[in-house]
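Every letter in the sequence shown is one number past the one before it in my numbering, and letter 249, counting from 1, is 337. Heads up, the beta-carbon is just placed ideally off N, CA and C, and yes, glycines get one too. Bear in mind the structure is a predicted one, so any value in this text is a computation, not a measurement.
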Amino acid sequence: MSRFLSLNVHTSLVALAVLGIFGAGGVLLTSTDSRAAGEPATKATEPRPALTVSIVRPAPADISAKLQANGNVAAWQEASIGAESNGLRLTEVRVNVGDVVRAGQVLATFAPDTIQADVAQSRANLLEAQANAAEAQANAQRANTLSQSGALSAQQIQQYATAAQTAQARVEAAKAMLNAQQLRMKHTQVLAPDSGVISARTATVGAVVAAGTELFRMVRKGRLEWRAEVASSELARIQVGNPVNLTAASGAQVQGKVRMIAPTVDAQTRNALVYVDLPSHADIRAGMFARGEFVLGQRSAITVPASAIVVRDGFSNVFELTADKHVRMVRVQTGQRSGEAVEITTGLTPNAAIVARGGAFLNDGDLVRVQSDAPAQATPK
């Protein structure tokens, strides 16, 4: 009986030991599973930076105040060169479009045969009138010497004196006619009234043209000007003598100078013309469309790199870094561009820290990682 009790006690102790071992193992497994399940939960709650960025601050700069405008290139002054004689045949044309001519240069000639004959006849008429005037003057002098003798009446003497004056008047008329014919002879050569460049030609060899018919058109002095259309509200900013940077449709660039501001404003467009003198350039021609910038002086501004500007929904924005390493999108107003720097007119404080580049990949409120190296300042050119 005692042996049986002793066996039962032993069996119970073994069972309790086994249960203790398995219980401890269960607790160990439960603890291990709990830690394993807890680790992913902890990692999932940690935010990850959206991008590694570099930071810049707005840089002060002196930039040129400019005003942009559009307009056409035109001749400073044009000269219309036409025929001054009537009914003559054009025998020679010596210049063409694009030729540079000097003042007094012969551009074309007319046939002089008819006028030469008229000149010879006028000269002969003058000689005849002079001979008649000499005879009438001699008769008047003889009649005057006989006035005391009574051989001639006072009326006859007066008639001789009048005849002498009439003959002298015919001499003057003949001289005027000869001068007119000689002037017609001079007009058989078409001369350039000034130096410049021939811009148009309608003269044709063999044509018989009437007086006043245009044969050539010339750009005087070869000078061109840019006629810029500027809003009336901007005219007060422009002064005579302001430099202007002009870019033609061909890509040619020149620098001109404001010569004059029109005294009137167009009632329809409310724009006024500003006349800008241009230097000679092979790629700048009258009739071209051109864009230009009036340089109005220097002014202080703050600038940021062009890469920091992000355009969304048609507006310019920058991403500003906050104290907790997040970024917020700030809408700004941009001004002029100077090299790789862009002027910021409103929306940004001078000490703001903004993302230098990569803003297109960011959204408002994103967490970012800032590069440890010192950021470069925006340097306008």
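- For the segment 137-204, not one full-length alpha helix (DSSP H) segment reaches 4 residues or more.
- Distance between alanine 208 and serine 368, taken at the CA atoms: about 48 Å.
- With respect to the C-alpha of threonine 292, the residue from Ala163, Gly446 and Ala196 having the closest C-alpha is Ala196.
- Considering only Arg272, Gln356, Arg400 and Gln165, the residue with the shortest C-alpha distance to glutamate 172 is Arg272.
- Between the segment 376-385 and the segment 311-331, the count of C-beta pairs closer than 8 Å reaches three or more; the two stretches touch.
- Closest in alpha carbon position to alanine 147, among Ile442, Ser210 and Ala199, is Ile442.
- Each of Pro281, Ala411, Thr437 and Gln421 was checked against the Cα of glycine 453, and the nearest Cα belongs to Ala411.
- In the three-state scheme derived from DSSP, where H, G and I count as helix and E and B as strand, lysine 274 is classed as helix.
- In this structure, glutamate 322 keeps its C-beta atom at 9 Å or more from the C-beta atom of valine 364.
- Between leucine 334 and isoleucine 349, the C-beta gap is not smaller than 9 Å, which leaves the two residues out of contact.
- Runs of the beta strand (DSSP E) lying entirely within the segment 269-328 and spanning at least 3 residues, in chain order: 277-279, 284-289, 302-308 and 312-319.
- Look at serine 395 here: in three-state DSSP terms it is helix.
- Of all alpha-carbon atoms in Gly435, Asp371, Met417 and Asp354, the one lying nearest the alpha-carbon of threonine 391 is that of Gly435.
- With a 10 Å radius around the Cβ and a threshold of 16 neighbouring Cβ atoms, serine 426 comes out buried.
- Taking C-alpha positions only, lysine 274 is separated from arginine 315 by approximately 38 Å.
- Contact check for valine 188 against alanine 374 fails: the beta carbons are separated by 9 Å or more.
- Excluding its 5 nearest sequence neighbours in each direction, proline 281 has C-beta neighbours in its own chain below 6 Å: Ala167, listed in chain order.
- Secondary structure of methionine 376 (DSSP, three-state): coil.
- The beta carbons of leucine 155 and glycine 446 sit no closer together than 9 Å.
- In this structure, threonine 276 lies away from glutamate 317, with their beta-carbon atoms at least 9 Å apart.
- In the three-state reduction of the DSSP assignment, lysine 413 falls in the coil class, being assigned neither a helical nor a strand state.
- Exclusion of the five residues before and after arginine 136 leaves Leu455 as the residues of its chain whose Cβ lies within less than 8 Å of its Cβ.
- Taking proline 200 as reference, the option from Ile372, Leu178 and Asn227 with the minimal CA-CA separation is Leu178.
- By the beta-carbon neighbour count (other beta carbons within 10 angstroms, threshold 16), leucine 215 is exposed.
- DSSP places aspartate 365 within a strand segment (E or B) once states are collapsed to three.
- DSSP, read as helix, strand or coil, puts threonine 352 in coil.
- Taking all protein chains shown into account, phenylalanine 198 has 16 or more neighbouring C-beta atoms within 10 Å of its C-beta and is therefore buried.
- Per the C-alpha coordinates, the member of Asn158, Asn267, Asn359 and Arg190 positioned closest to arginine 308 is Arg190.
- For the pair glutamine 193 and leucine 279, the CB atoms are nearer than the 9 Å cut-off.
- If you look at threonine 433, you'll find it in the beta strand (DSSP E) that goes 429-434.
- For the set Ser338, Glu302, Ser283 and Phe304, the Cα lying nearest the Cα of arginine 311 is the one of Ser283.
- Take the alpha-carbon of glutamine 218 and the one of glutamine 246: they are about 21 Å apart.
- Bounds of the beta strand (DSSP E) holding proline 331 are 331-336.
- Under the DSSP definition of a beta bridge, glutamate 216 lacks any partner.
- As the crow flies, the alpha-carbon of valine 420 is around 7 Å from that of isoleucine 432.
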